[in-house]
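**Q** So the mapping is simple: the numbering used here equals the position in the sequence shown, first residue as 1, plus 41.
All residues carry an ideal CB built from backbone N, CA and C; glycine is no exception.
Remember, it's a predicted structure, so these values are computed and weren't measured experimentally.
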Amino acid sequence: MTGASEPECALCHRPVRSSTARARRIGSRCWRKLTRAQRAAIRRDPGAVRAALDQPVPAAPGQLTLDDQAPEPLAENGSPA
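1. Taking one C-beta from the region 81-90 and one from the region 54-63 each time, how about it: are there three or more such pairs within less than 8 Å?
2. Using only CA atoms, which one of A64, A93 and G88 lies nearest to R123?
3. Could you please give me the residues that DSSP links to P87 through a beta bridge?
4. Would you give the residue range spanned by the alpha helix (DSSP H) that C71 belongs to?
5. Please report the distance separating the alpha-carbon of A87 from that of C50.
6. Closer than 6 Å by C-beta to E47: which residues in its own chain qualify, once you throw out the five before and the five after it? Chain order, please.
7. Give the C-beta separation of V90 and R66 to the nearest angstrom, bearing in mind that I take them to be a contact with Cβ-Cβ under 8 Å.
8. What is the rounded straight-line gap between the Cα of R63 and the Cα of S69?
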């Protein structure tokens with residue numbers, strides 16, 4: 042096989058070699074970076090890789106966005122009030 046005819050990962054565009062990676066169109070490195078919901082969507086329909094990647098990632102419980110994190114005021118001695 043020449044380099045041009047090898048299937049590529051849909052995310053990083055590197056060649057995929059295993060039959061499993063070719064079937065899902067995503068290499069093993071990129072596969073490990075996906076969320077559980079994205080993997081399930083790709084397993085259901087390998088042709089809809091882009092649709093699965095466009096799914097919003099749920100926010101982790103207890104994680105605040107940077108805008109929601111207000112700094113605590115400091116007391117006169119420099120420790121949090």
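**A** Let's see:
1. Cβ pair count under 8 Å is below three, so no.
2. Shown here, the chain extends from 42 to 122; a query on residue 123 therefore has no answer.
3. Sequence index remark: in the sequence shown, residue 87 carries index 46 (1-based). Its beta-bridge partners do not exist; DSSP assigns none.
4. By one-based count along the sequence shown, residue 71 stands at place 30. Here the alpha helix (DSSP H) through C71 covers S69 to K74.
5. Sequence index remark: in the sequence shown, residue 87 carries index 46 (1-based). Sequence index remark: in the sequence shown, residue 50 carries index 9 (1-based). Sequence check: residue 87 is Pro here, not Ala. Each residue's Cα considered, the two are about 12 Å apart.
6. Position 6 of the sequence shown, counted from the first residue, corresponds to residue 47. The answer, listed in chain order, is P56.
7. Looking up residue 90 in the sequence shown gives position 49. Looking up residue 66 in the sequence shown gives position 25. About 6 Å; that satisfies the 8 Å criterion.
8. Position 22 of the sequence shown holds residue 63. Position 28 of the sequence shown holds residue 69. If I take the Cα positions, the gap works out to 10 Å.
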